[in-house]
Amino acid sequence: MGKHRKPYPAEFRAQMVELVKAGRTPEELAREFEPTAQSIINWVAQADRDSGMRQDGLTTAERQELTRLRRKVRQLEMERDILSHAAAW
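Per my numbering, the sequence shown runs over residues 196 to 284.
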């Protein structure tokens, strides 16, 4: 199983995206900095989605909204289960 680390700061990710757009390769940046080339590629793709250049996935705002809604559904399901168990008494 892979290691889990704290996410890179947004400013760092934005700098990596700008360096790729300026002509540096993700592999070159991965050797110079810590993230993997695939992480950098993913950041570039997400930045393109957020700017409207790509339509093949969710924007960052849509991902955040989806996460918030899933969390709310879990909370409501838990409350429903508690109430249904209480009503059974």
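We put the beta carbon where it would ideally sit given N, CA and C, even for glycine.
Computed from a predicted model, the values in this text were never measured in an experiment.
| Asked | Found |
| --- | --- |
| DSSP three-state call for A217: helix, strand or coil? | coil |
| I236 and L224: beta carbons closer than 8 Å? | no |
| Who are the near neighbours of Q250 in its chain, counting only those whose CB is closer than 8 Å to its CB and skipping five residues on each side? | R244 |
| As a quick exercise: from S279, W284, R219 and D276, pick the residue whose alpha carbon is nearest that of V239. | R219 |
| From E274 to A209, what distance separates their C-alpha atoms? | 40 Å |
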